[in-house]
Amino acid sequence: SPTAEERALLEKGRALFPITCGGCHQPNGQGLAGLAPPLDGSRWVQGDVRILARIVLCGKVQEVYPMPTLRGSFDDDTIAAVLTYVRRAWGNSSGSVSRDTVAAARAATANRNPMSYTDFELIELAEGLGSH
130 SPTAEERALL EKGRALFPIT CGGCHQPNGQ GLAGLAPPLD GSRWVQGDVR
180 ILARIVLCGK VQEVYPMPTL RGSFDDDTIA AVLTYVRRAW GNSSGSVSRD
230 TVAAARAATA NRNPMSYTDF ELIELAEGLG SH
């Protein structure tokens, strides 16, 4: 069962998601065709938290509109809260994301150029990190 800290992160994320991510991914996590993919059932949302943090911090190349880099927009606590919520909302039932995980991903990607990840890079990264 979640700790008090995890519950607090979840509630903070629940409040922040609609105003930080809901515009594109929709409040119900279903996304918008051609704009933003669904987060409900997403392999990246439910996968390795180290990769998920990198997607939010660095952005991701998509078919039409790229996922923007959010490293300058949100601090590690905010990102951890929103990702904890996303990993528990709708049909998702994955674990929390800690502030330390986000901070480590921020440090590890500080010098990325170009910043945004491609699906191919994320798959390679997942293989390199091993399951976690």
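Under my numbering, the first residue of the sequence shown is numbered 130, with each subsequent residue one higher.
Cβ atoms here follow ideal geometry from the backbone N, Cα and C, with glycine treated the same way.
Q: Starting from the Cα of Thr207, find the closest Cα among Ala133, Glu135, Lys141, Thr132 and give me that residue.
A: Lys141
**Q.** Beta-carbon proximity list for Leu139, same chain, < 8 Å, skipping 5 on both sides
**A.** Pro131, Ala210, Thr213, Tyr214, Arg217, Ser225
Q) Who does Tyr246 pair with in a DSSP beta bridge? A) Lys189
Q | According to DSSP, residues forming a beta bridge with Leu161 | A | Ala165
Q | Closest residue to Leu254 among Asp204, Pro197, Gly176 (Cα-Cα distance) | A | Gly176
Q: Report, in whole angstroms, the separation of the C-beta atoms of Asp205 and Arg228, which I expect to be a contact under 8 Å.
A: 5 Å
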